[in-house]
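Written out below as structure tokens is the structure these notes cover.
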Amino acid sequence: MNLPRYLFSTNQTLVFDSQFTNAYDYISIDNKSACLNISFKKTFEQPLTLVFTNELSNTVQLHFNKSISGSITIIHYYSRQTKKQFSFVFDDSSNISIKEVFISKRSITLEMHRDFIIKHNALLSLVSGSLIEGTTLTNETFLLTNERANLTYQNLYIGSNIDNMTCKQWMKHFAVNSTSYVENLLVSGDESKLDFEVSGYIEKGMKGSICKQQNRGVILNEQGSVRVDPKLYINEYDVEAGHGAAIGQVNEDELFYLLSRGLDESAAKRLIISGYTEPFINAFESRSLQSGIRRKIARKVKGVVSE
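Structural data, given as structure tokens:
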């Protein structure tokens with residue numbers, strides 16, 4: 012598969028296609044079975060980029076060993092209909108930062124099932140964004156299985172044309188003093204439909220746990236829609252839990268204020284939407300990847316976000 016050059020965002024890049032090779036001693040890779048197993052054996056000092064395509068296995072497990080730390084960029088680049096299952100395991104005291112983006116070469120149907128297992132004193136910081144064109148069906152489950160498991164998750168979805176995105180998220184606390192913070196930022200352009208079900212669960216006896224979610228959505232056209240169904244299932248008193256959802260069209264007061272400051276309507280909307288998109292773009296260290304993502308977003312949200 013011919014990949015855009017901007018996807019090669021670091022000197023350490025692994026592309027999982029039919030010709031991939033592993034040149035890094037801190038990673039163990041087994042692709043001999045139906046599942047592609049990727050194990051991180053020790054802390055890696057330099058940022059690493061992993062690129063997943065339609066090729067190789069549709070089932071992938073990433074395992075981060077005990078006490079390791081590091082920063083990873085994950086790029087999902089798909090050119091045709093695909094169904095993928097990813098499993099992430101974060102062993103005790105691991106500290107991992109993941110920035111990821113989902114991109115399609117053309118309009119496709121993507122089914123994605125993902126499980127994240129976060130163990131004792133492990134910390135996962137996840138920044139994710141989907142720019143898939145077509146239909147996306149996603150199921151994500153975060154299992155906080157041991158004491159002081161910690162999750163911070165910021166997720167951006169951008170729809171355009173007749174994109175249809177359905178996402179179900181579960182944050183499940185099965186340990187005392189476990190923490191999850193989740194923020195979904197949703198942008199609907201044209202006639203796109205975004206439908207999210209976001210659920211937090213704290214098991215009985217899991218005292219001191221924190222489960223919080225925030226969902227924000229902006230609808231750029233009358234034909235578009237964003238629906239969020241936030242839920243909490245709390246079976247313990249000694250916890251902190253909360254959820255919120257703020258969905259609507261571009262704020263008329265904000266728009267009026269910016270127009271009164273001399274901006275035209277397109278420029279004003281770009282500035283408002285940049286509050287959703289720029290934090291995600293700037294999370295990536297590579298300038299070339301930032302530029303590539305910004306161009307992709309601009310093409311999806313035509314006339315609102317500049318390249």
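One rule links them: number in this note's numbering = place in the sequence shown (from 1) + 11. Where a beta carbon is used, it is the ideal one built from N, C-alpha and C, also for glycine.
- Within the model, the alpha-carbon separation for glutamine 165 versus glycine 216 is close to 28 angstroms.
- Excluding the 5 residues flanking it on each side, leucine 135 has same chain C-beta neighbours closer than 6 angstroms at Phe101, Ile107, Ile129, Leu162, in chain order.
- Nearest neighbour of arginine 227 by Cα position, chosen from Asp126, Met123, Tyr168, turns out to be Tyr168.
- Here leucine 18 is buried: its Cβ has 16 or more other Cβ atoms, across all protein chains shown, within 10 Å.
- In summary, asparagine 157 is buried, with 16 or more beta-carbon neighbours lying within 10 Å of its beta-carbon over all protein chains present.
- Within the segment 240–284, the runs of beta strand (DSSP E) that reach at least 3 residues and sit entirely inside it are, in chain order, 251–260.
- Judged by their CB atoms, valine 198 and histidine 254 are not nearer to each other than the 9 angstroms cut-off.
- The C-beta separation of glutamate 251 from isoleucine 221 comes to about 4 angstroms, placing the pair in contact by the 8 angstroms criterion.
- Note on geometry: alpha-carbon atoms of leucine 67 and asparagine 13 lie some 15 angstroms from one another.
- No Cβ-Cβ contact shorter than 9 angstroms links threonine 84 with threonine 54.
- Valine 71 places its beta carbon 9 angstroms or farther from that of isoleucine 38.
- Per the coordinates, the alpha-carbon of glutamine 57 lies some 8 angstroms from the alpha-carbon of glutamine 23.
- The criterion of a C-beta distance shorter than 9 angstroms is not satisfied by threonine 152 and threonine 120.
- Between glycine 219 and alanine 279, the alpha-carbon positions lie close to 43 angstroms from each other.
- For the beta strand (DSSP E) assignment, the uninterrupted runs of no fewer than 3 residues enclosed by the segment 95–165 are, from N- to C-terminal side, 106–115, 119–129, 134–141, 145–155.
- Distance between glutamate 233 and leucine 205, taken at the CA atoms: about 14 angstroms.
- Contact between glutamate 122 and lysine 77 is ruled out by a C-beta separation of about 32 angstroms, above the 8 angstroms threshold.
- Leu154 is the residue among Asn175, Gly170, Leu154 whose C-alpha sits nearest the C-alpha of valine 187.
- The beta carbon of tyrosine 287 sits closer than 6 angstroms to the beta carbons of Leu196, Val198 from its chain, once the five residues preceding and following it are set aside; these are given in chain order.
- Counted as a single uninterrupted DSSP element, the stretch harbouring glycine 303 is not any beta strand (DSSP E) but the alpha helix (DSSP H) occupying residues 298–311.
- Going by beta carbons, valine 193 and glycine 211 fall inside the 9 angstroms limit.
- Listed as beta-bridge partners of glutamate 194 by DSSP are Gln165, Gln225.
- For leucine 231, no beta strand (DSSP E) segment is defined, and its DSSP state is neither H nor E.
- The continuous beta strand (DSSP E) containing threonine 84 extends over residues 80–89.
- Between glutamate 144 and the set Val62, Tyr88, Ser82, the nearest pair of CA atoms involves Tyr88.
- Selection Asn132, Ser141, Ser98, Tyr35 evaluated against isoleucine 86 yields Ser141 as nearest (Cα-Cα).
- A Cβ-Cβ separation of about 13 angstroms leaves phenylalanine 63 out of contact with phenylalanine 99 under the 8 angstroms criterion.
- Here DSSP, grouped into helix, strand and coil, assigns isoleucine 173 to coil.
- In summary, aspartate 264 is exposed, with fewer than 16 beta-carbon neighbours lying within 10 Å of its beta-carbon over all protein chains present.
- Put simply, of Pro15, Asn65, Ser104, Thr149 the residue whose alpha carbon is nearest the alpha carbon of serine 90 is Asn65.
- Per the coordinates, the alpha-carbon of threonine 190 lies some 24 angstroms from the alpha-carbon of valine 112.
- Between phenylalanine 75 and phenylalanine 51, the CB-CB gap stays under 9 angstroms.
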